[in-house]
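*Asks:*
2 protein chains.
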Amino acid sequence: MFENETALQQPVASDRALIKDVHELVESYPRVPITVDCVIFGFDNNELKVLLIRSDIEMYHGKWSLLGDFAHDHEELDDAAYRVLRERTGMDDVYLEQVRTFSKPNRHPGGRVLTVAYCSLLNSEHHDLKILDNELHWHVVKTLRSEDVAFDHKEILDTCYAWLQKRMLEHPLGLNLLPEKFSLRELQNLYEAILDIKLDRRNFRKKFFSMDFLIDTGEYEDDVHHRPGKLYRFDFDKYKLNKKRWTGIEF
Amino acid sequence: MFENETALQQPVASDRALIKDVHELVESYPRVPITVDCVIFGFDNNELKVLLIRSDIEMYHGKWSLLGDFAHDHEELDDAAYRVLRERTGMDDVYLEQVRTFSKPNRHPGGRVLTVAYCSLLNSEHHDLKILDNELHWHVVKTLRSEDVAFDHKEILDTCYAWLQKRMLEHPLGLNLLPEKFSLRELQNLYEAILDIKLDRRNFRKKFFSMDFLIDTGEYEDDVHHRPGKLYRFDFDKYKLNKKRWTGIEF
DNA sequence: GCCATGATGTGTTATTTTTACACTATCTAC
DNA sequence: GTAGATAGTGTAAAAATAACACATCATGGC
C-alpha cells in the first residue's frame, strides 16, 4: 500500500539544488522572541497555590504574571526555566518539566512572542526562603480568575494544572510539593486538593504502603493539635526499582 | 507558611518602573528562528512507519528529515504544522498534536533554531494519495537508525514514538492509523506493533467491545486470503459519551 | 469436490485490584 | 480526667484482568 518502500539510502536523484550554506539558510527565515514561563506550584494550607508576580507592564497594571523571562542567546529553554527559578527562588533542585508551547500570534500585546511553559513544584521548605517580596504572591489556584492575570497566563496555568492532575496519576511527582518528611494525612490532603476528589483514608494508606517507597522515619508530627501521625520519607531509588506501575488513584 | 497571603489585588507599591511601550520591550529581546517538525506516522504491513523526506542540505546528503518548515510571520504553530501536512500530503483532516519543543543550542548546524514537534497520524486512505515522489519515503520506525537522519530528528522521533505509546493507553487515537473500516485483527496488530507487546485475542476483543464504540458495519474483509473478518467503524460520539475511561491495555 | 491451512469467533474460571465500610487508640486542649 | 480530633487498622463484595481451547468458515491446492 505504501509506495517507495525500498528507496532507503539510494543516491539522491533530485532536481532540487542542495543547500550548501546552512547559516545563510537560517539567516533568511523570520525570527521570533521566545520566553519561558514557569508555573510554580506550591502546596500549603491544604490548597494548591501558584507563585505569581505583579506585572510591570503598564497596561496590565494590577494584574499578575507567571514568572518568566526571555530566553538568552544560545540558551537551552530548560536552562532558561531553571534560571528563572533560581533568580526568583534561589533554588535549582526543584522539579521542573516542559509542558507546552503557546504561540497564538496575538498572545502578547507587544508583538509576536512564543512562550514555552514549564511546570515546577516547590515544597514548603523552599517557601521558607525569603523569596517573597511585595512583588510576589502565592495565589490559590482554584479561585484565580482570568481577569486577575496578564497575557494568556490563565490559559497557560489551566493547561499546566490539567497536566499536573494527569501526571499525578502516573507518577508520584506530587511528593515534590511536600517537605522531606510528611505524614500520610498531608499526603492525602495533597492528592485530594490537586485531583479535587475525596479519597478513602484506609484505601489510600493501603495503596501507598503497597507501593513500598515510603520509609518510616520513626519520627512524629510535632506541630499539630491532636494525636501526631508518623512521618515518612520518599525513597526515590525504591520507586525507580519498583516494577509495579503507578496505576492511578481511583478509590 | 506562605507569606504575603493577602496581597491579592492590592495597589502596587513598587519602586519598579512600569513598562509603557510593550513593542519596544519585545523589540529589545533576542529572536530565534522557529520551525515545526511533523512526525507523520502511518501503519502498513503491520509495521509503524514514519514519513521522511530526503534532506536537501548538502552536509546531510543521503540522510532523511522529518517534514518541517519555518513558521511564517504571525502564524500559530498548530497552523504551521497543518500547513506542512497539507503541503506534503494534501490532507488537513488528520490527527495532529503538539508534543514538545526542542531547543538545544547546537541542534541545527546553521545556528540556533528552535523546533516544535508535532505528531500526526495518517491512515492508509491518505497514503493512497499521490503524495509520494522520490523525495519522500515511509521508513519503518523500529529499524531507523540515528545515522539515517539529519539534525536531532532521531531524538525527536523517539520522543514522539514514546509519546504515541503512552497516549495509546489513555486514548484510542491509534484508530486514526486505520482506514475507516477495519477488522479486529487489524486493530490488534496495530496495538501489538506500536506497544511492542503480544496481546490475547479474546481479551482484546472483549475489552474493545465492552467499550462500546465499535460499530459493526455488516461488511467483511474482501482482500484477504483466509476467512474474512467483520469490518467495524469507530463511533467517535459514543466514545466521547462513554464515561468508562480507557484504562490501558495490559492483557 | 475434498482436504489442509489459517484466521475468525466465542466463555469460563482464577487471580488481582478496587471499592466500601466502622471501630479502637492516642494525643492535645481544657 | 474528660472531650475532641485524628491516627491507625481489616474484611468482604465487586470489578477488572489474565489465562486458556475448540468449533467455524473461507481460501487454495489437489
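Chains as they are written, first to last, in numbering that gives the first Met the number 0: chain A, 0 to 250; chain B, 0 to 250. Backbone N, C-alpha and C define an ideal beta-carbon position, used for all residues, glycine too.
(1) Please name the residue, chosen from A:Lys103, A:Gly217, A:Ser182, A:Arg144, that lies closest to Phe203 of chain A on a Cα-to-Cα basis.
(2) What does the Cβ neighbour count give for Asn44 of chain B, buried or exposed, with the cut at 16 atoms within 10 Å?
(3) So who's on the other strand from Pro32 of chain A, going by DSSP bridges?
(4) Using a Cβ-Cβ distance under 8 Å, would Arg99 of chain A count as near chain B?
(5) Alpha carbon to alpha carbon, what distance is there between Gly67 of chain B and Asp78 of chain B?
(6) As a quick exercise: from B:Leu230, B:Ser209, B:Met210, B:Leu213, pick the residue whose alpha carbon is nearest that of Tyr219 of chain B.
(7) Can you list, in chain order, the residues of its chain whose CB lies under 7 Å from that of Arg99 of chain B, leaving out five sequence neighbours each side?
(8) In three-state terms, what does DSSP make of Lys206 of chain A?
(9) Once DSSP output is grouped into helix, strand and coil, what is the label at Val140 of chain B?
(10) Given this structure, state the Cα-to-Cα distance separating Glu23 of chain B from Val31 of chain A, to the nearest angstrom.
(11) What residues in its chain sit with their C-beta under 7 Å from that of Arg166 of chain A, if we drop five residues either side in the sequence?
(12) Any C-beta of chain B sitting closer than 8 Å to the C-beta of Met167 of chain A?
(13) Which of helix, strand or coil does DSSP assign to Gly89 of chain A?
(14) For Gly109 of chain A, go through chain B and note every residue whose CB falls closer than 7 Å to its CB, in chain order.
(15) Ser64 of chain A touches chain B at which residues, Cβ-Cβ below 9 Å?
(16) Locate the beta strand (DSSP E) running through Glu46 of chain A, then write down its first and last residues.
(17) Considering only C-alpha positions, which residue in the set A:Thr34, A:Gln164, A:Lys48, A:Glu46 is nearest to Ile72 of chain A?
(18) For Val49 of chain A, tell me which candidate among A:Val112, A:Arg106, A:Thr142, A:Met210 has the shortest Cα-Cα distance.
(19) Kindly say whether Gly31 of chain A, judged by its beta-carbon, lies nearer than 8 Å to any beta-carbon of chain B.
(20) So is Gly41 of chain A buried or exposed if we call it buried at 16+ other beta carbons inside 10 Å?
(21) Measure the Cβ-Cβ separation of Leu84 of chain A and His136 of chain A and say whether it is below 8 Å.
(22) Can you list, in chain order, the residues of its chain with a C-beta nearer than 6 Å to that of Arg15 of chain A? Leave out the 5 residues immediately preceding and following it.
(23) Does the beta carbon of Ser102 of chain A come closer than 8 Å to any beta carbon on chain B?
(24) If you draw a straight line from the C-alpha of Asp211 of chain A to the C-alpha of Arg201 of chain A, how long is it?
(25) Bridge partners for Arg232 of chain B per DSSP, in chain order?
(26) Is it buried or exposed, His107 of chain A, if we count other Cβ atoms within 10 angstroms and call 16 or more buried?
(27) Could you check where the beta strand (DSSP E) with Asp94 of chain A kicks off and where it finishes?
(28) Got a sec: which bits of the segment 36-60 of chain B sit with their beta carbon under 8 Å from any beta carbon on chain A, in order along the chain?
(29) Spell out the partners DSSP gives Trp63 of chain B in its beta bridges.
(30) Among the residues of its own chain, which have a CB less than 7 Å from the CB of Met58 of chain A, if the five just before and after it don't count?
(31) Count the other C-beta atoms from every protein chain shown that fall within 10 angstroms of the C-beta of Phe208 of chain A, then say buried if there are 16 or more, exposed otherwise.
(32) Establish whether the CB of Arg15 of chain A and some CB of chain B are separated by less than 8 Å.
(33) Roughly how many angstroms separate the alpha carbons of Ala149 of chain A and Arg232 of chain B, rounded to a whole number?
(34) I'd like the list of long-range same chain contacts for Asp151 of chain B, defined as Cβ closer than 7 Å, with 5 residues on each side in sequence excluded.
(35) Can you name the residues of chain A whose CB is closer than 9 Å to the CB of Tyr28 of chain B?
(36) Who are the neighbours of His224 of chain B on chain A, taking C-beta pairs under 7 Å?
*Replies:* With the structure as the only source:
(1) It is A:Ser182 whose Cα lies nearest to the Cα of Phe203 of chain A.
(2) exposed
(3) Checking the DSSP bridge columns, you'll see Pro32 of chain A partnered with B:Arg30.
(4) yes
(5) 12 Å
(6) B:Leu230
(7) Leaving aside the five residues that flank Arg99 of chain B on each side, the residues in its chain whose CB is nearer than 7 Å to its CB run, in chain order, Ala116, Thr158.
(8) Assignment of Lys206 of chain A by DSSP, reduced to helix, strand and coil, places it in the helix class.
(9) In the three-state reduction of the DSSP assignment, Val140 of chain B falls in the helix class.
(10) 14 Å
(11) Leu172
(12) no
(13) Coil, per DSSP.
(14) Val21, His22, Leu24, Val25
(15) Per Cβ cutoff of 9 Å: no residues; Ser64 of chain A is ~12 Å from chain B at best.
(16) 46-53
(17) A small fix is needed here, since residue 72 of chain A is Asp in this sequence, not Ile. For Asp72 of chain A, the nearest C-alpha among the options comes from A:Thr34.
(18) A:Thr142
(19) Checking the sequence, you will find Val at residue 31 of chain A rather than Gly. It does: the Cβ of Val31 of chain A has a partner Cβ on chain B nearer than 8 Å.
(20) buried
(21) no
(22) none
(23) yes
(24) Taking the straight line joining both Cα atoms gives about 16 Å.
(25) B:Ile214
(26) With 16 or more Cβ atoms within 10 Å of its Cβ, His107 of chain A is classed as buried.
(27) The sequence as given places Tyr at residue 94 of chain A; Asp does not occur at that position. Residues 94-101.
(28) Gly41, Asp43, Asn44, Lys48, Arg53, Asp55, Ile56, Glu57, Met58, His60
(29) B:Arg53, B:Val148
(30) Pro108
(31) Phe208 of chain A is exposed by the Cβ-count criterion.
(32) yes
(33) Rounded to the nearest whole angstrom, the C-alpha separation of Ala149 of chain A and Arg232 of chain B is 45 Å.
(34) Phe101, Lys103, Arg106
(35) Pro32, Ile33, Thr34, Phe69, Ala70, Val112
(36) Going along chain A, no residue has its Cβ under 7 Å from His224 of chain B, so there is no contact; the nearest lies around 16 Å.
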